[in-house]
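Counting from 146, one number per residue, gives the positions in the sequence shown under my numbering.
For glycine and all other residues, C-beta sits at the position ideal for the given N, C-alpha and C.
Remember, predicted model here, so these are calculated numbers, not experimental data.
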Amino acid sequence: QQARNIGFEGVAADGSRTAARSPLCLNQWSTNSSPSSSWTTSPATWRTRWGYALRALGHSEPAAVYAGIPAKRMVVVAMLISGALAGCMAINEILGAQHKMVLNFTSGYGFTGIAVALMGRTHPVGVILASLLFGVLYQGGAELDFEFRTITREMVLLIQGLIILFSGALALMFVPWLSRALGRR
Numbered sequence: 146q147q148a149r150n151i152g153f154e155g156v157a158a159d160g161s162r163t164a165a166r167s168p169l170c171l172n173q174w175s176t177n178s179s180p181s182s183s184w185t186t187s188p189a190t191w192r193t194r195w196g197y198a199l200r201a202l203g204h205s206e207p208a209a210v211y212a213g214i215p216a217k218r219m220v221v222v223a224m225l226i227s228g229a230l231a232g233c234m235a236i237n238e239i240l241g242a243q244h245k246m247v248l249n250f251t252s253g254y255g256f257t258g259i260a261v262a263l264m265g266r267t268h269p270v271g272v273i274l275a276s277l278l279f280g281v282l283y284q285g286g287a288e289l290d291f292e293f294r295t296i297t298r299e300m301v302l303l304i305q306g307l308i309i310l311f312s313g314a315l316a317l318m319f320v321p322w323l324s325r326a327l328g329r330r
């Protein structure tokens, strides 16, 4: 007999529940595009003339303008590229899961993205590892919030904030001590 669909979950004739597959689910594409976009944007940023101009503009806009870099055009192009990458990551949520635009569907993705970029030190491997850490924290926090009434979503956000604070502080805390110990100035 035919399984009837209830959202994304199917119910078989014997009453057992089966997962239905969405025809527009782009989860595999989204999963593969995240590391590949990380690996393609890094060489574009670190090994091209455009990337050098973008980094120079990020460090000092007056110096970049003095060097002849068109600041307004670089900012617009960087925003277009970042918006395109953000849109590619949101396409799975819009087209695959909800099939419609849901109010506040992002729910803090911007905060998490900035935190991942800071923890990963804008290096592709670091960003991938930091995103995995935040994915585990987010999903684990949701599971803990579901299982225990004493652990709330705000406590999970507090733990994420402490991880960001201490990882950033600890990364720079040992630099003077190590440079003195190794004899480098």
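From the DSSP output, in three-state form, read off Gly258 for me. In the displayed model, Gly258 falls within a helix according to three-state DSSP.
Assign Lys245 to one of three DSSP states: helix, strand, or coil. coil
With distances taken from CA atoms, which of Phe291, Leu323, Val281 and Pro321 is nearest Ile304? Val281
First and last residue of the uninterrupted alpha helix (DSSP H) at Ser252: Segment: none, Ser252 is in no alpha helix (DSSP H) and carries neither H nor E.
In this structure, does DSSP put Gly265 in helix, strand or coil? DSSP, read as helix, strand or coil, puts Gly265 in coil.
Gly213: buried (16+ other C-beta within 10 angstroms of its C-beta) or exposed? exposed
On the three-state DSSP scale, how would you describe Gly213? Correct three-state label for Gly213: coil.
Could you check where the alpha helix (DSSP H) with Thr324 kicks off and where it finishes? According to the sequence as given, residue 324 is Ser; it is not Thr. It spans Val320 to Leu327 - the alpha helix (DSSP H) in which Ser324 sits, taken as one unbroken run.
Quick check: the region 255 to 275 against the region 305 to 325, are there 3 or more CB pairs under 8 Å? yes
Taking the straight line between their C-alpha atoms, what separation do you get for Phe291 and Ile273? 27 Å
Would you decide whether Leu323 is buried or exposed? Buried here means 16 or more other CB atoms lie within 10 Å of its CB. Leu323 comes out exposed.
For the candidate residues Glu238, Cys233 and Thr297, whose alpha-carbon lies nearest to that of Met246? Glu238
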